[in-house]
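Engineer: Below is the structure I would like to discuss, written out as structure tokens.
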């Protein structure tokens, strides 16, 4: 091997190796300090793209869960109103029957009429109740398909009107309508309960999938950190040795 002064190939190679080791060491430090395996897009461009889509999907599932929870709260409030209306209708049905009693005086009938009218007014007021500005006289449902996760749809509920139930037959019909409305309400709450469970599991799985791509394995990366730390120290020492090798040429000139 020739002994030269102008070019120190050993030092150049050692310097390149040290630079590579320091770069890898810096990457390990960045990953451990951030907790992320992908610190810059160049670390894993494809993985970054997939993780972004998974993260967006997980956030959509979380938002859909909120939509479902709000819909359940709406339905619970609605059923509370329907339950009260049902009690009022039962009382109105009772008053209508008592009114037709031949033994009642006109004064008695006037008293029954006064209460009956007041209850009609109360039903009309209850029919105008709202939940966050949305009329409770509304049927609400939440689409939980992949194309419409968490979207809310509304349709009208047949809420009894106080002016439309002035007769016993009208009251009976209103009770039937109310019973159907409460049954539909309960069925929707049941469906939304299952939908909420699916959305919760889906969100958890999406987050886990994203974590496997982006989150750093601390144990494995700590091992790499130790490796690159040793390589950096060794490279520094070897570069110093390579820089000293040119000294042998000077001895030949003495």
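Numbering (my numbering), first residue to last: -11 to 242.
Cβ atoms here follow ideal geometry from the backbone N, Cα and C, with glycine treated the same way.
Only a predicted model underlies this, so the values are computations on that prediction, with no experimental measurement involved.
Relative to the C-alpha of residue 217, which candidate in -4, 0 and 9 has its C-alpha closest?
Structural biologist: Cα-wise, what sits closest to residue 217 is 9.
Engineer: With 16 other CB atoms within 10 Å as the buried threshold, where does residue 73 fall?
Structural biologist: Buried, because 16 or more other Cβ atoms sit within 10 Å of the Cβ of residue 73.
Engineer: Can you tell me whether DSSP reads residue 22 as helix, strand or coil?
Structural biologist: Here residue 22 sits in helix by DSSP.
Engineer: Taking the straight line between their C-alpha atoms, what separation do you get for residue 162 and residue 192?
Structural biologist: Using only the alpha carbons, I get a separation of about 45 Å.
Engineer: Could you tell me the alpha carbon to alpha carbon distance between residue 112 and residue 57, rounded to whole angstroms?
Structural biologist: Cα-Cα distance, rounded: 28 Å.
Engineer: Whose CA, out of 86, 61, 122 and 47, lies closest to the CA of residue 178?
Structural biologist: When each option's Cα is compared against that of residue 178, the closest is 61.
Engineer: Tell me which residue opens and which closes the alpha helix (DSSP H) that residue 211 is part of.
Structural biologist: Looking at the DSSP string, the run of the alpha helix (DSSP H) that includes residue 211 is 206 to 232.
Engineer: Determine which residues share a DSSP beta bridge with residue 119 and list them.
Structural biologist: According to DSSP, residue 119 bridges with 122.
Engineer: For residue 182, count neighbouring Cβ atoms within 10 angstroms of its own Cβ and tell me buried if that reaches 16, exposed if not.
Structural biologist: The residue is exposed, with fewer than 16 neighbouring Cβ atoms inside 10 Å.
Engineer: On the three-state DSSP scale, how would you describe residue 261?
Structural biologist: Limits of the chain in this structure are -11 at one end and 242 at the other, which puts residue 261 out of reach.
Engineer: In terms of residues, what are the limits of the alpha helix (DSSP H) holding residue 151?
Structural biologist: No alpha helix (DSSP H) holds residue 151; DSSP gives it neither H nor E.
Engineer: How long is the line joining the alpha carbons of residue 43 and residue 176, rounded to whole angstroms?
Structural biologist: Approximately 29 Å between the Cα atoms of the pair.
Engineer: What is the rounded straight-line gap between the Cα of residue 16 and the Cα of residue 33?
Structural biologist: Between residue 16 and residue 33, the C-alpha separation is close to 18 Å.
Engineer: Who are the near neighbours of residue 153 in its chain, counting only those whose CB is closer than 6 Å to its CB and skipping five residues on each side?
Structural biologist: Taken in chain order, the residues that qualify are 159 and 162.
Engineer: State yes or no: is the beta carbon of residue 114 nearer than 7 Å to at least one beta carbon in chain D?
Structural biologist: The chain labelled as chain D is not found in the depicted structure, where only one protein chain is given.
Engineer: Could you check if residue 47 is buried or exposed, using at least 16 other CB atoms within 10 Å of its CB as the buried criterion?
Structural biologist: The residue in question, residue 47, is exposed, as its Cβ has fewer than 16 Cβ neighbours within 10 Å.
Engineer: Taking the alpha-carbon positions, what's the residue 13 to residue 180 distance?
Structural biologist: So the two alpha carbons sit approximately 51 Å from each other.
Engineer: Would you mind working out which of 0, 25 and 2 sits nearest residue 199, comparing C-alpha positions?
Structural biologist: The residue with the shortest Cα to Cα distance from residue 199 is 25.
Engineer: Specify whether the segment 78 to 90 and the segment 196 to 213 touch according to this definition: at least 3 beta carbon pairs, one from each stretch, less than 8 Å apart.
Structural biologist: No, because fewer than three Cβ pairs between the segment 78 to 90 and the segment 196 to 213 fall closer than 8 Å, the two stretches do not touch.
Engineer: Report the CB separation of residue 172 from residue 127 in whole angstroms; it is logged as a contact under 8 Å.
Structural biologist: The Cβ separation is near 7 Å, so the contact holds.
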